[in-house]
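Trainee: Dropping a structure here in structure tokens format, bear with me for questions.
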Amino acid sequence: MTVVTRFAPSPTGFLHIGGARTALFNWLFARHHGGSARLRIEDTDRKRSTPEAIEAILAGLDWLGLDWDDEVVYQAERAERHAACAKSLLEQGRAYYCYCSPEELAEMRQAARAAGRARLYDGRWRDRDPAEAPAGVDPVIRLKAPLEGETTIEDLVQGEVTVANQQLDDMVLLRADGTPTYMLSVVVDDHDMAVTHVIRGDDHLTNAFRQTQLYRALDWATPAFAHIPLIHGPDGAKLSKRHGALGVEAYRDMGYLPEALNNYLLRLGWSHGDEEIISRDQAVQWFDLDAVGRGAARFDFAKLENLNGHYIREADDERLVALIHGPLESAAGHTLEPAELARLKAGMAGLKMRAKTLNDLAESAAFYVAKRPLSVTDKAAKLLDDEARARLAALAPRLAGAEPWREADLEALVRAFAEAEELKLGKVAQPLRAALTGSTASPSLFEVMEVLGREESMARIGDQLV
RNA sequence: GACCCCAUCGUCUAGAGGCCUAGGACAUCAGCCUUUCACGCUGAAGACACGGGUUCGACUCCCGUUGGGGUCACCA
């Protein structure tokens with residue numbers, strides 16, 4: 097049997113972090129088993145679905161590097177097929193028309209709640225003669241679900257889960273306006289798409305029972321279910337926006353790399369021994385449902401940051417320059433010239449070692465492309481007191497004549513100077529750093545000088561001597 | 001409230017009855033490296049929710065308690 101999975105978001109908002117992980121697991125499972133991963137947009141709720149949300153979801157998946165097989169299915173376009181299935185159930189006597197008004201339903205619900213009963217709808221139209229139907233009322237179609245016994249699902253993550261059929265009432269299949277409900281659409285689409293494994297959030301676990309009943313009524317085989325635990329906020333409560341329930345594009349904007357987010361999401365609720373840093377290829381090779389944990393996991397920005405730092409260090413210099421190009425231009429206030437871009441690339445090795453996010457990276461790279469005279473932070477300004485300026489003034493002429501202008505030679509020169517003046521290296525290096533970068537923290541000073549070049553370096557030092 | 005699910009360091013997790021003196025990672029703390037900040041390295045502190053069973057032996061199996069979560073729509 098060829099594995100077919102699907103990711104089925106409803107386009108009512110962006111692709112949030114939980115959805116991203118569900119998508120990742122579906123994709124990984126399909127790729128691992130050499131099957132296909134499908135994408136289905138569940139846009140049956142016309143009021144809440146928007147084209148913008150569809151775009152955002154597609155863009156988010158693309159950014160994460162998750163691609164899908166065959167064409168994307170839009171659920172709303174299949175409404176006729178869904179309705180036909182409900183009608184056929186009706187003809188077979190496995191479903192029935194229900195003429196209850198919203199008020200009646202509300203009463204029933206209230207009564208059931210008060211009595212502590214789980215079954216909200218009392219089935220009053222279940223065996224009633226349609227001839228008794230009130231005039232002028234459009235009925236809904238409900239499934240004639242089993243009254244007794246129990247329904248069991250074999251969940252690949254949660255194990256065997258059973259619920260008494262008394263807990264489940266006769267769900268609505270087709271609304272009064274003739275449109276299909278989510279329960280119906282999902283089952284019909286998963287069947288028609290030949291989905292073999294339904295991998296989705298744990299919040300759908302109870303839906304699996306109702307859907308199983310529907311599959312049976314339709315005489316279709318049920319797919320395998322895998323309900324993966326939800327992601328919680330740092331406080332253990334449901335993930336809120338404040339906690340990170342943001343769209344993946346928000347993570348992109350915060351300066352996270354897609355490979356870092358993928359790695360983080362993968363390890364959240366899934367593990368492979370002690371492995372922490374896992375490439376896409378390794379993930380495809382190793383991923384399976386049996387290693388998915390059963391408990392909800394808390395979202396931890398600190399670990400994501402650590403992973404992001406790792407992937408930034410591993411990233412190609414040119415790619416990083418491209419990624420910070422835009423933000424850097426708007427921060428610097430001028431269009432970056434080729435020479436400045438070259439400088440960034442040359443300095444990237446030292447910069448990326450120190451960044452946790454691309455935003456950090458852009459910020460720390462700003463001094464390379466800043467126009468003179470540099471703005472100097474308060475802390476750095478303190479390093480440039482009269483004494484320090486005097487030292488720089490003494491050092492400057494020697495630096496100006498340095499040959500060749502290379503990191504190692506520059507370091508040797510400055511060290512020799514400090515020794516001759518009987519100064520600790522820091523006494524010379526820190527003011528120099530302040531003059532060259534406007535800051536107290538930067539990559540190796542001598543690397544900075546080499547990247548900046550003789551002319552720019554001497555000019556920046558000169559700016560502080562006037 | 002009813003039903004269902006879950007439960008190992010602060011966090012993510014390893015652990016499929018003896019391999020556990022409970023391992024790894026992040027975070028924290030200390031030290032080393034060092035011109036700064038990082039990176040890196042070394043080390044420290046830190047957990048089996050509780051109570052009963054089962055067993056020669058339970059983190060591992062069963063039951064209960066507690067705690068957390070999910071679902072209860074003509075939303076998806």
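Take any residue in the first sequence, note its place counting from 1, add 96, and you have its number in the numbering used here.
Cβ coordinates follow ideal geometry from the N, Cα and C atoms, glycine included.
1) Taking C-beta to C-beta, are Leu243 and Phe305 nearer than 8 Å?
2) Mapping DSSP to helix, strand and coil, what is Asp251?
3) Going by the CB atoms, is the gap between Leu532 and Arg502 shorter than 8 Å?
4) If I follow the unbroken alpha helix (DSSP H) through Gly114, where does it start and stop?
5) For Ser132, which of helix, strand or coil comes out of DSSP?
6) By alpha-carbon positions, which one of His406, Trp159, Lys240, Ala191 ends up nearest to Ile373?
7) Between the stretch 98–108 and the stretch 348–363, are three or more C-beta pairs nearer than 8 Å?
8) Under the DSSP definition of a beta bridge, which residues are partnered with Cys194?
9) Given this structure, state the Cα-to-Cα distance separating Cys181 from Glu425, to the nearest angstrom.
10) If you drop the 5 nearest sequence neighbours on each side, which residues of the same chain put their C-beta closer than 8 Å to that of Arg177?
11) May I have the straight-line CA-CA distance separating Asp234 from Asp315, to the nearest angstrom?
12) Would you mind working out which of Gly443, Tyr217, Trp382 sits nearest Met204, comparing C-alpha positions?
13) Quick one: any contact between the stretch 393–409 and the stretch 317–328, if contact means 3 or more CB pairs under 8 Å?
14) Are there 16 or more other CB atoms within 10 angstroms of the CB of Met267, so buried, or fewer, so exposed?
15) Look at the alpha carbon of Arg127 and the alpha carbon of Leu385, and state the distance between them as a whole number of angstroms.
16) Can you give me the Cβ contacts of Ala214 inside the same chain, cut-off strictly under 6 Å, excluding the 5 residues immediately before and after it?
17) Hey, Arg348 and Trp159: beta-carbon distance below 8 Å or not?
18) Could you check whether the stretch 289–308 touches the stretch 268–276, counting it as contact only if at least three pairs of C-beta atoms, one from each stretch, sit closer than 8 Å?
19) Pairing CB atoms from the stretch 495–515 with CB atoms from the stretch 541–552, are three or more of them under 8 Å?
20) What's the C-alpha gap between Asp482 and Leu561?
21) Could you tell me which of Asp166, Gly219, Thr453, Phe321 sits nearest to Gly297, measuring between CA atoms?
22) Please state the DSSP three-state secondary structure of His406.
23) Less than 8 Å between the C-beta atoms of Val524 and Val547, yes or no?
24) For Ala387, collect the residues of the same chain with a Cβ closer than 7 Å to its Cβ; drop the 5 residues on either side in sequence, then sort them by chain order.
25) Taking DSSP as the reference, what is the three-state secondary structure of His513?
26) Going along the chain, which residues of its own chain have a beta-carbon closer than 8 Å to the beta-carbon of Arg487, five neighbours each way excluded?
27) Report buried or exposed for Gly351, applying the criterion of at least 16 other Cβ atoms within 10 angstroms of its Cβ.
28) Return the residue from the list Ala496, Ser281, Val291, Pro434 that minimises the CA-CA distance to Val99.
29) Within its chain, find whatever has a CB closer than 7 Å to the CB of Arg117; leave out the 5 residues flanking it on each side and keep chain order.
30) Output the distance between the C-alpha atoms of Gln381 and Thr248, rounded to the nearest integer angstrom.
31) State the DSSP-derived secondary structure class of Ile374, mapped to helix, strand or coil.
32) Tell me which same chain residues have a C-beta within less than 7 Å of the C-beta of Lys441, skipping the five on either side of it?
33) In chain order, what residues of the same chain lie with their CB nearer than 7 Å to the CB of Lys399, ignoring the 5 residues before and after it?
34) Going by the CB atoms, is the gap between Asn404 and Leu353 shorter than 8 Å?
35) Would you check if the distance between the CB atom of Val344 and the CB atom of Gln307 is smaller than 8 Å?
36) Considering only residues of the same chain and omitting the five flanking positions on each side of Met554, which have a CB-CB separation below 8 Å?
Mentor: Short version:
1) no
2) strand
3) no
4) 113–128
5) strand
6) His406
7) no
8) Val236
9) 57 Å
10) Val284, Asp288.
11) 28 Å
12) It is Tyr217.
13) yes
14) buried
15) Distance between the alpha carbons of Arg127 and Leu385: 13 Å.
16) By the criterion of a C-beta distance shorter than 6 Å, Ala214 is surrounded in its chain by Gln263, once the five residues flanking it on both sides are discounted.
17) yes
18) Contact fails: fewer than three Cβ-Cβ distances are below 8 Å.
19) yes
20) 10 Å
21) Phe321
22) helix
23) no
24) Trp366, Ser367, His368
25) Just to set this straight, residue 513 is Phe in the shown sequence, not His. It is helical.
26) Glu517, Leu519, Lys523, Val524, Pro527
27) buried
28) Val291
29) Ile327, Leu361, Leu364
30) 31 Å
31) coil
32) Asp413, Glu414, Val417
33) Residues Tyr360 of the same chain have their beta carbon placed closer than 7 Å to that of Lys399, with the five preceding and five following residues left out of the count.
34) yes
35) no
36) Around Met554: Ala492, Leu495, Ala496.
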